[in-house]
Amino acid sequence: MRNRNKAGVTLIELVIASVIFVMLAMTLIGAIGTTISDLAFVTQEMRAGREGPAVINMISRDLSNAFADPRFEEFFLLEDGNGNARLDFVTSIDSTLYFNGKRSDITEVGYWLEANPQLQGSLPIYTLFRREDYGVDDEPTSGGRAIPVASNVTRFRVVAFDYPLDDEGQPLEDIYLSDIFFDGETIEEFDSWEKTKPEEAEGETSQRRLPYVVRVEIELDIREGEDRLDPSKEAEGLVSYAATIRLPQYSIAMADQTDLKDEDTGQFAHLKLNAPPAAPAPTPNPNTNNGTNNGTNNGTNNGTNNGTNNGTNNGTNNGTNNG
Numbered sequence: 251m252r253n254r255n256k257a258g259v260t261l262i263e264l265v266i267a268s269v270i271f272v273m274l275a276m277t278l279i280g281a282i283g284t285t286i287s288d289l290a291f292v293t294q295e296m297r298a299g300r301e302g303p304a305v306i307n308m309i310s311r312d313l314s315n316a317f318a319d320p321r322f323e324e325f326f327l328l329e330d331g332n333g334n335a336r337l338d339f340v341t342s343i344d345s346t347l348y349f350n351g352k353r354s355d356i357t358e359v360g361y362w363l364e365a366n367p368q369l370q371g372s373l374p375i376y377t378l379f380r381r382e383d384y385g386v387d388d389e390p391t392s393g394g395r396a397i398p399v400a401s402n403v404t405r406f407r408v409v410a411f412d413y414p415l416d417d418e419g420q421p422l423e424d425i426y427l428s429d430i431f432f433d434g435e436t437i438e439e440f441d442s443w444e445k446t447k448p449e450e451a452e453g454e455t456s457q458r459r460l461p462y463v464v465r466v467e468i469e470l471d472i473r474e475g476e477d478r479l480d481p482s483k484e485a486e487g488l489v490s491y492a493a494t495i496r497l498p499q500y501s502i503a504m505a506d507q508t509d510l511k512d513e514d515t516g517q518f519a520h521l522k523l524n525a526p527p528a529a530p531a532p533t534p535n536p537n538t539n540n541g542t543n544n545g546t547n548n549g550t551n552n553g554t555n556n557g558t559n560n561g562t563n564n565g566t567n568n569g570t571n572n573g
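Right, here's the structure in full:
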């Protein structure tokens, strides 16, 4: 006879327990998936938050120290191809390259985009390169060594603004940088800049100059994996950074390039590697001169007196003896 008081689990109870377990497991898996997704998004945001400002700060530092010199046929060249800009100029930032253990005070710098074949997305993805050349040669907008500074760029736009002018065409005093975006009549916008070339500087101003202001915009694609291929996620996956940089106010008169080169070396006058100047002669010490003069005079006087006394004594003695 069966014992009805013995505890047991019925099939219905087992099914109910299984359903509850599955529901809890699904909830837990969903929470873990959401956490992983949020972590990936935060990581992307942090990466963009570091990479974007770092690139903008680098370009801003180089541009704010842009250098102009009539010895260079071109010292600032901008070509913006609809968000695919090329920028080359000379800056007074010390080079990162060393030559004979020394860094250059003036450096050639350039920025441009190249297609990144390792990343595929709903938008073309590029790598932003920074070019640097030690010192400055007679071709400041080419040569040197290039290194990648960002590998997930979708747009690199550079716009130059000319000097602000009043109604009579005269340069204005200082103007707020924000005003350049709202006053199209005062400041002219250029997506290319060739006013450093001698042939481009001829005319009313006869001046070769840097832009008044440069606006730099960069857009990064922070999406990862398959999300980069999804056009619907572009809005949340594309992050833009921008900076407006005031350049030094160089305005250089026309100069004959051939007169500024050394005929023997072909180098520009201010770029020749001259031998270091000789050390200056030490300043005489007045006390030393006095001591030297005193010693010399004393020695001379003593010698003269001794010689006179000896001669007198000898003459006296000889005369006495002869007598």
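In terms of the numbering used here, the sequence shown is numbered consecutively and its last residue is 573. Ideal placement from N, C-alpha and C gives every residue a C-beta, glycine not left out.
Could you tell me how far apart the beta carbons of residue i and residue j are, in whole angstroms, since I believe they sit closer than 8 angstroms?
i: Leu373; j: Asp312; result: Their Cβ separation, rounded to whole angstroms, is 27 angstroms, which puts Leu373 and Asp312 out of contact at 8 angstroms.
Taking the alpha carbon of residue i as the reference point, which residue from the options has its own alpha carbon closest?
i: Arg300; options: Val489, Arg496 and Arg380; result: Val489
i: Asn307; options: Arg478, Arg465 and Thr284; result: Arg465
i: Ala335; options: Thr494, Ala410, Glu263 and Lys483; result: Ala410
i: Phe339; options: Asn350, Thr346, Leu327 and Leu347; result: Leu327
i: Tyr462; options: Leu497, Phe317 and Tyr491; result: Leu497
i: Arg380; options: Val403, Arg353 and Ile309; result: Ile309
i: Ile397; options: Phe406, Leu363, Asp344 and Gly371; result: Leu363
i: Arg407; options: Arg395, Ala493 and Ser392; result: Ala493
i: Gln370; options: Ser401, Ser392, Asp412 and Met276; result: Ser401
i: Ser392; options: Leu460, Leu337 and Asp477; result: Leu337
i: Thr377; options: Gly302, Thr404, Gly333 and Tyr348; result: Thr404
i: Leu347; options: Arg395, Asn332 and Glu486; result: Arg395
i: Tyr361; options: Glu486, Pro367 and Glu329; result: Glu329
i: Leu460; options: Gly475, Asn315, Pro303 and Asp387; result: Asn315
i: Ile375; options: Tyr491, Gly385, Arg478 and Ser268; result: Arg478
Check whether the Cβ atoms of residue i and residue j sit closer than 8 angstroms, and answer yes or no.
i: Thr357; j: Asp319; result: no
i: Ser342; j: Arg353; result: no
i: Ile468; j: Val305; result: yes
i: Tyr491; j: Gly331; result: no
i: Phe322; j: Val386; result: yes
When the Cα atoms are used, what is the spatial distance from residue i to residue j?
i: Pro390; j: Ala365; result: 24 angstroms
i: Lys483; j: Asn350; result: 51 angstroms
i: Phe325; j: Phe317; result: 7 angstroms
i: Ile266; j: Leu274; result: 12 angstroms
i: Glu263; j: Arg473; result: 47 angstroms
i: Glu486; j: Thr284; result: 17 angstroms
i: Asp412; j: Ile495; result: 13 angstroms
i: Ala281; j: Asp355; result: 56 angstroms
i: Thr475; j: Gln368; result: At residue 475 the sequence reads Gly, which differs from the Thr that was named. Computed Cα separation, rounded: 12 angstroms.
i: Leu278; j: Phe271; result: 10 angstroms
i: Leu261; j: Ser268; result: 11 angstroms
i: Gly333; j: Gln499; result: 26 angstroms
i: Glu454; j: Asp480; result: Bear in mind that a pLDDT of 41 at Glu454, under 50, signals an unreliable position, so the model cannot answer this.
i: Ile286; j: Asp388; result: 54 angstroms
i: Met276; j: Val259; result: 24 angstroms
Of all the CB atoms in chain B, is at least one closer than 8 angstroms to the CB of residue i?
i: Arg459; result: Chain labels in this structure do not include chain B; a single protein chain is all it has.
Let me check one thing: in DSSP terms, what residues is residue i bridge-paired to?
i: Asn334; result: Phe406
i: Ser490; result: Glu469
i: Lys352; result: Phe349
i: Asp387; result: Asp387 is not bridged to any residue.
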